[in-house]
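Scroll down for the structure; my scribbles are underneath it.
2 protein chains.
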Amino acid sequence: MSDYALNPTEFKALRWSLGLNEDLTAQLLKVSTNELNAWETGSQPIPPLAQKQLLDIDDIIEMQVLNTCDGIEAMFKKEPKRRLAFVVYPSQALYTQYNPEFINLLPLAELYTTAAWRIKKECKLVLEVDISLVPLDVEAYKAYREQSGMGESRENRAKWAASQLA
Amino acid sequence: MSDYALNPTEFKALRWSLGLNEDLTAQLLKVSTNELNAWETGSQPIPPLAQKQLLDIDDIIEMQVLNTCDGIEAMFKKEPKRRLAFVVYPSQALYTQYNPEFINLLPLAELYTTAAWRIKKECKLVLEVDISLVPLDVEAYKAYREQSGMGESRENRAKWAASQLA
Numbered sequence: 001m002s003d004y005a006l007n008p009t010e011f012k013a014l015r016w017s018l019g020l021n022e023d024l025t026a027q028l029l030k031v032s033t034n035e036l037n038a039w040e041t042g043s044q045p046i047p048p049l050a051q052k053q054l055l056d057i058d059d060i061i062e063m064q065v066l067n068t069c070d071g072i073e074a075m076f077k078k079e080p081k082r083r084l085a086f087v088v089y090p091s092q093a094l095y096t097q098y099n100p101e102f103i104n105l106l107p108l109a110e111l112y113t114t115a116a117w118r119i120k121k122e123c124k125l126v127l128e129v130d131i132s133l134v135p136l137d138v139e140a141y142k143a144y145r146e147q148s149g150m151g152e153s154r155e156n157r158a159k160w161a162a163s164q165l166a
Numbered sequence: 001m002s003d004y005a006l007n008p009t010e011f012k013a014l015r016w017s018l019g020l021n022e023d024l025t026a027q028l029l030k031v032s033t034n035e036l037n038a039w040e041t042g043s044q045p046i047p048p049l050a051q052k053q054l055l056d057i058d059d060i061i062e063m064q065v066l067n068t069c070d071g072i073e074a075m076f077k078k079e080p081k082r083r084l085a086f087v088v089y090p091s092q093a094l095y096t097q098y099n100p101e102f103i104n105l106l107p108l109a110e111l112y113t114t115a116a117w118r119i120k121k122e123c124k125l126v127l128e129v130d131i132s133l134v135p136l137d138v139e140a141y142k143a144y145r146e147q148s149g150m151g152e153s154r155e156n157r158a159k160w161a162a163s164q165l166a
């Protein structure tokens, strides 16, 4: 999708499909919302780099959806479950704190949530597996870890999230 | 996807994935933005009907993407082209005027654009066909029709859009 230029309508539709509002997009692309508006109304050309940044993020999400669904499929072959939980992050600060290794790929908590939503949707459609998105509740997660003597890790976050399902 | 309830995080992610901001969603679901906020922060339960409305729209878009891509694939087998145009509507008024038959399914111009974007993306990925989204320019379209003695129809809108490609 990155071999030709997006027109203003397409650029805006791409932004929408990533779940990004104007403020977040301006922040992500390090421009003002006025400049973003000028691109989307066609009064200024959209810099190729800005197009590439959004298209790259779309590719990364697509890849992440595919990889994660493959992983979940493999897991289900070994150990069938009916319900899974996926941790998402209710604020940028929490997302950054808990995912330092990930922040270069999907810099905004909203983009991570968009990816998680697509994973949920794809798993339901293809694998018929229900995944719940559970926003991290730091206090509840700490209490859970203390009770079970667990350290902090991605796996334990997932365990905590699964414990939150009814 | 409609056999279980969405939690607030999932509802918000679904709204994002449809490219809908709070104002448009409130308008679509005929509630205030305050009420929508109460649902998305978990302070009020999300009415099943509201969940169903958004999930149904997602299904309609999915179906439209599949059907349209199938149609384009069939068309390309008969008559290969490299580039296609898809008309989108820059305002709700124009969308409503030109698509009265469609407005019950996807009531907002933004939803139509979201569907068009997904069609563009899917066709590129699966068929390796480039589709441009061309916003309807009423004056230019009228001039084009007058010049060629054409009436107004979906097909002629598509022809006009194709004539706009470089």
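Chains as they are written, first to last, in the UniProt record's numbering: chain A, 1 to 166; chain B, 1 to 166. Virtual Cβ for every residue (Gly too), placed ideally from N, Cα, C.
With respect to chain A, the C-beta atom of P80 of chain B has no partner C-beta closer than 9 angstroms. Neighbours of P135 of chain B in chain A, taken as residues whose beta carbon is under 7 angstroms from its own, are T9 in chain order.
Around the Cβ of G42 of chain B, a 10 Å sphere holds fewer than 16 other Cβ atoms; the residue is exposed. The contact set of T25 of chain A on chain B, defined by CB atoms closer than 9 angstroms, is empty, because the minimum CB distance reaches about 12 angstroms. Counting C-beta pairs closer than 8 angstroms gives fewer than three between the region 18-25 of chain B and the region 24-32 of chain A, which falls short of the contact rule. Across the region 84-101 of chain B, CB contacts with chain A closer than 7 angstroms involve V88, in sequence order along the chain.
By a beta-carbon distance limit of 8 angstroms, I61 of chain A does not contact A109 of chain A. Their separation comes to about 14 angstroms. Taking 4 residues as the shortest admissible run, the region 25-56 of chain B contains the following complete alpha helix (DSSP H) segments, listed from N- to C-terminal end: 33-40. The C-beta distance from Y98 of chain A to L106 of chain A rounds to 13 angstroms, too long to fall under 8 angstroms, and the pair is not in contact. Taking the Cα positions, L14 of chain A is about 36 angstroms away from A140 of chain A. Within the same chain, Cβ atoms closer than 8 angstroms to the Cβ of N7 of chain A are found at G42, the five residues on either side in sequence being excluded. With contact defined as three or more Cβ pairs closer than 8 angstroms, the region 126-145 of chain B and the region 31-38 of chain A are not in contact. Per the DSSP secondary-structure output, L133 of chain B pairs in a beta bridge with B:F86. Between the alpha carbons of K78 of chain A and V88 of chain A lies a distance of about 25 angstroms.
Residues of the same chain with a CB within less than 7 angstroms of the CB of S91 of chain B, apart from the 5 flanking positions on each side, are A109 in chain order. Cβ-Cβ distances below 8 angstroms link F86 of chain A to A116, I119, K120, I131, S132, L133, V134, A158, A161 in the same chain, with the five nearest sequence neighbours on each side left out; the list follows chain order. Flagged as an interface residue toward chain B: L14 of chain A, by a C-beta distance shorter than 9 angstroms.
Shown here for I46 of chain A: same chain residues with a beta carbon closer than 6 angstroms to its own, the five before and five after excluded, namely F11, W39 in chain order. About 5 angstroms separates the beta carbons of V65 of chain A and E122 of chain A, which is inside the 8 angstroms limit, making them a contact pair.
In this structure, the straight-line span from the alpha carbon of M75 of chain B to that of L125 of chain B is close to 17 angstroms. Fully contained in the region 63-113 of chain B are the following alpha helix (DSSP H) runs of length 4 or more, in chain order: 92-98.
Rounded to the nearest whole angstrom, the CA to CA distance from S153 of chain B to N67 of chain B is 20 angstroms. Taking the Cα positions, L55 of chain B is about 23 angstroms away from D70 of chain B. In this structure, DSSP gives E139 of chain A a helical state, which the three-state scheme calls helix.
Look at the region 105-126 of chain A: the residues with a C-beta under 9 angstroms from a C-beta of chain B are E110, T113, T114, A116, W117, R118, K120, K121, K124, L125.
If you look at S153 of chain B, you'll find it isn't in any alpha helix (DSSP H); DSSP assigns it neither H nor E. The DSSP-derived three-state label of A115 of chain B is helix. A straight line joining the alpha-carbon of A50 of chain A with that of D58 of chain B spans about 28 angstroms. The beta carbon of Y95 of chain B sits closer than 7 angstroms to the beta carbons of Y89, A109, Y112 from its chain, once the five residues preceding and following it are set aside; these are given in chain order. Taking 9 angstroms as the threshold, the shortest C-beta distance from S43 of chain B to chain A does not fall below it.
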